[in-house]
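Residue numbers (my numbering): 3 to 444.
Below you'll find the structure, written out as structure tokens, and then a few comments.
Laid out in structure tokens, this is it:
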């Protein structure tokens with residue numbers, strides 16, 4: 003009996019049926035794809051030989067989308083220049099300065115609450131602190147963000163058309179984003195940039211727009227050169243809006259989805275909550291107050307988060323495009339233009355790396371077991387790794403620590419089991435609504 007499989011479902015079959023093979027080659031609408039599941043080969047693709055796999059494949063955002071000029075869509079040296087320019091946005095020093103504001107975003111809800119709704123509002127507040135603003139209408143922002151990510155049957159077929167037959171889709175005017183949703187994020191992001199000019203980050207972005215050019219030295223873009231040659235890239239309003247919109251969309255949806263799964267795992271494992279609470283109280287006592295250093299010192303809390311991300315990776319696979327002909331260490335040739343697929347979720351379910359992979363064990367990420375290089379990929383790896391990882395981790399640690407310090411997170415009778423993944427969205431999130439409450443503990 004034949005069954006249609008989504009790509010992430012296909013990759014999950016690999017550990018069951020392809021143990022003896024480290025490379026699979028398959029065709030998707032005439033484009034050759036190579037799928038790798040051996041760590042040393044993945045290391046070459048994502049890190050060691052990254053210059054051969056510099057780009058993402060063409061993402062499904064059409065040229066009229068607010069996300070068209072985002073980091074996700076940028077290619078080659080233009081991407082390198084913008085990515086390098088953003089490094090100061092996410093330093094540990096900046097995270098430390100943002101922590102008090104993020105902490106203020108975490109309230110303690112009374113009575114029963116629906117996890118996703120609560121966490122989306124919290125995520126909206128937290129990502130707003132990054133740009134130094136307050137969002138007046140969070141409900142509209144959350145609703146538009148939901149529309150942006152949800153995938154109906156009709157939209158799924160539009161994605162296939164735009165992704166694989168881009169020229170024809172463009173000729174007949176097919177776009178992916180709902181026009182009102184896309185325009186909302188364009189206007190929303192533009193208002194952030196032009197109504198908050200005194201904020202340090204916004205001021206820095208607008209300075210680039212005034213200069214109309216981003217200049218980067220070659221030696222800053224390439225670690226193996228001391229060449230002082232200067233590259234120049236045009237700076238437009240659309241680029242700045244796309245980059246800011248990407249951070250808002252990722253900060254709202256990806257983080258709130260991941261935290262919802264985290265709430266599910268914590269409520270399912272009260273023993274993990276007890277261990278986390280013990281550590282939270284010890285760290286707060288050690289540091290004397292709620293500080294960034296106290297949060298950063300909570301290793302078991304980090305393990306709870308990382309283990310949830312392992313089980314519920316925001317994205318099930320990582321795509322790269324071969325930008326220069328490449329010969330693998332074992333002699334296989336990958337031609338320019340070939341898409342390379344790295345099944346992140348499959349790797350994170352490998353029983354050889356994570357015994358009893360379906361069980362929730364935060365201890366996997368503690369002490370000697372904490373080395374997750376290329377075996378834990380919810381944020382990607384290498385130069386294309388998620389630029390906002392520090393902010394996301396700081397936000398999630400803060401939420402867990404604040405809520406669990408004096409409370410236990412428990413399910414209420416309104417939560418329906420089993421809880422399953424929603425396959426009608428770009429990123430992993432529960433299909434079921436999770437109804438929970440905080441119960442006071444001594």
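We put the beta carbon where it would ideally sit given N, CA and C, even for glycine.
Counting along the chain, the unbroken alpha helix (DSSP H) around residue 257 starts and ends at 257–270. The beta carbon of residue 399 lies closer than 8 Å to those of 297, 298, 300, 303, 304 and 307 in the same chain, with the five residues before and after it left out.
With 16 or more other Cβ atoms from the protein chains shown falling within 10 Å of its own Cβ, residue 356 counts as buried. Residue environment analysis places residue 206 among the exposed positions, since fewer than 16 neighbouring C-beta atoms fall within 10 angstroms of its C-beta. In the DSSP assignment, residue 441 is bridged to 410. Here the alpha carbon of residue 79 sits roughly 12 Å from the alpha carbon of residue 232. The distance from the Cβ of residue 76 to that of residue 435 is about 36 Å, inconsistent with a contact at the 8 Å cut-off. By the CB criterion at 8 Å, residue 186 and residue 247 fall outside the cutoff. Rounded to whole angstroms, the separation of the alpha carbons of residue 333 and residue 131 is 49 Å.
Following the DSSP letters along the chain, one finds residue 86 inside the alpha helix (DSSP H) bounded by residues 78–87. In this structure, the CA atom of residue 281 is about 9 Å from the CA atom of residue 407. Rounded to whole angstroms, the Cβ separation of residue 394 and residue 262 is 14 Å, and the two are not in contact under 8 Å. With fewer than 16 other Cβ atoms from the protein chains shown falling within 10 Å of its own Cβ, residue 295 counts as exposed. Only residues of its own chain outside the window of five on either side were considered, and among them 216 have a CB closer than 7 Å to the CB of residue 87, listed in chain order. By the criterion of a C-beta distance shorter than 8 Å, residue 120 is surrounded in its chain by 111, once the five residues flanking it on both sides are discounted. By the C-beta density criterion, residue 266 is buried, having at least 16 other C-beta atoms within 10 angstroms. Residue 162 has its alpha-carbon roughly 40 Å from the corresponding atom of residue 100. In this structure, the CA atom of residue 108 is about 43 Å from the CA atom of residue 325. Distance check between residue 219 and each of 392, 57, 44 and 235 places 235 closest, using alpha-carbon atoms only.
Residue 309 places its beta carbon 8 Å or farther from that of residue 392.
Out of 275, 292, 53 and 348, the CA that lies nearest to the CA of residue 396 is found in 292.
In the DSSP assignment, residue 432 is bridged to 423. In the three-state DSSP reduction, residue 176 falls in the coil class, being neither helix nor strand. Note on geometry: alpha-carbon atoms of residue 160 and residue 170 lie some 12 Å from one another. The beta carbon of residue 237 sits closer than 7 Å to those of 210, 211, 213, 214, 215 and 216, all from its chain and outside the five residues before and after it, given in chain order. Annotation: residue 114 is outside any alpha helix (DSSP H) and is labelled neither H nor E by DSSP. Only residues of its own chain outside the window of five on either side were considered, and among them 414, 437 and 439 have a CB closer than 6 Å to the CB of residue 114, listed in chain order. By the neighbour-count definition (other C-beta atoms within 10 Å, threshold 16), residue 273 is an exposed residue. Residues 409, 410 and 412 of the same chain have their beta carbon placed closer than 7 Å to that of residue 441, with the five preceding and five following residues left out of the count.
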